[in-house]
């Protein structure tokens, strides 16, 4: 069964016209995600197909409200079940998407679903702290995005080192992120970023709004960042610098 409302909601909310083939790919993706979640890997707490459509896919597609250049390199940090990265790849096949995930079973699913859908999306098994120091990935991306990965003062240390100067780090957060933003101000500045905008997203059938925190990278990140695995979480720059 095809996802019944995704096409209409995507058009109404985001001005996005999804083709029949794209809806079919989202449907395959949803069923594969739920099948693997039930039998092979802990991918999502949402097990209702309709809520996958709303809370996972529509939420991911809200990123397309941002001006993402044609052919941009995008990295999804802490991709989990592939959200938002695979949703972006389906909706915008022109994007060069990389999926970064540290958990082996989730990485196996990501490789499976990317191959199953016929994309060349890059899947990277590793930690953001290590990948951000790798010359093949550091400062290579137009956008680094994370959804429900870490508190913002820590998260910016994962994202900004991966962005080119002129690129953006995007944190997908829940309602009322003001406290997180305030606590991350020092880290954002120290890592070469500048808060660009905060977009509020209202999704159908979801009580609380979501937000996109967009941080532009305006200068190179100091070479010492990101620090060793676990350090950004234990000692965010905002409390240790």
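Numbering (the numbering used here), first residue to last: 1156 to 1396.
Cβ atoms here follow ideal geometry from the backbone N, Cα and C, with glycine treated the same way.
Nothing here was measured: the structure is a model prediction, and the numbers come from that model.
- Starting from residue 1268, follow the alpha helix (DSSP H) in both directions and report where the run begins and ends. Numbered from its first residue, the chain shown carries residue 1268 at position 113. Counted as a single uninterrupted DSSP element, the alpha helix (DSSP H) harbouring residue 1268 occupies residues 1259-1272.
- Message: Please identify the residue among 1375, 1325, 1223, 1160 whose C-alpha is closest to the C-alpha of residue 1247.
- Response: Locating residue 1247 in the chain shown gives position 92, counting from the first residue. For the options 1375, 1325, 1223, 1160, the alpha carbon positioned closest to that of residue 1247 is the one of 1223.
- Close-in-space but distant-in-sequence residues of the same chain around residue 1292 (CB under 7 Å, 5 per side omitted): To locate residue 1292, count along the chain shown from 1; it is residue 137. Correct list, in chain order: 1286, 1317.
- Item | Alpha-carbon to alpha-carbon, residue 1188 and residue 1177 | Here residue 1177 corresponds to residue number 22 of the chain shown, with the count starting at 1. Here residue 1188 corresponds to residue number 33 of the chain shown, with the count starting at 1. Distance between the alpha carbons of residue 1177 and residue 1188: 16 Å.
- Unbroken stretches of the beta strand (DSSP E), 3 residues or longer, contained in the segment 1296-1356: You should have 1296-1302, 1318-1328, 1348-1356.
- Task: Along the beta strand (DSSP E) that carries residue 1383, what are the first and last residues, could you check?
- Result: Translated into the one-based positions of the chain shown, residue 1383 becomes position 228. Per DSSP, residue 1383 lies in no beta strand (DSSP E) and is assigned neither H nor E.
- Task: Ignoring anything shorter than 4 residues or poking outside the segment 1172-1243, list the alpha helix (DSSP H) runs there in chain order.
- Result: At a cut-off of 4 residues, the continuous stretches assigned as alpha helix (DSSP H) that sit fully inside the segment 1172-1243 are 1175-1194.
- Simplified DSSP assignment, three categories, for residue 1162: The count along the chain shown starts at 1 and reaches residue 1162 at position 7. Note: residue 1162 maps to helix in three-state DSSP.
- By how many angstroms is the C-alpha of residue 1351 removed from the C-alpha of residue 1369? Working through the chain shown from its first residue, we reach residue 1369 at position 214. Working through the chain shown from its first residue, we reach residue 1351 at position 196. Rounded to the nearest angstrom, the two C-alpha atoms are 6 Å apart.
- Message: Tell me the residue span of the alpha helix (DSSP H) that contains residue 1393.
- Response: Reading the chain shown from its first residue, position 238 is the one you call residue 1393. That run of the alpha helix (DSSP H) goes 1392-1395.
- Query: Quick one: what does DSSP say residue 1388 is sitting in, helix, strand or coil?
  - Reply: Residue mapping note: residue 1388 aligns to position 233 of the chain shown, counting from 1. Helix, per DSSP.
- Task: With 8 Å as the threshold, decide whether the Cβ of residue 1328 is near any Cβ in chain C.
- Result: In the structure shown, chain C cannot be found, because there is only a single protein chain.
- What's the C-alpha gap between residue 1296 and residue 1323? One-based indexing of the chain shown puts residue 1296 at position 141. One-based indexing of the chain shown puts residue 1323 at position 168. For residue 1296 and residue 1323, the distance between alpha carbons rounds to 8 Å.
- Query: Roughly how many angstroms lie between the CA atoms of residue 1265 and residue 1186, to the nearest whole one?
  - Reply: Numbered from 1 along the chain shown, position 110 holds the residue referred to as residue 1265. Numbered from 1 along the chain shown, position 31 holds the residue referred to as residue 1186. About 14 Å.
- What does residue 1360 pair with, by DSSP beta-bridge criteria? Translated into positions along the chain shown, residue 1360 becomes position 205. Looking at the DSSP assignment, residue 1360 forms no beta bridge with any residue, so it has no partner.
- Item | Rounded separation between residue 1319 and residue 1191 - CA only | Numbered from its first residue, the chain shown carries residue 1319 at position 164. Numbered from its first residue, the chain shown carries residue 1191 at position 36. Distance between the alpha carbons of residue 1319 and residue 1191 is about 35 Å.
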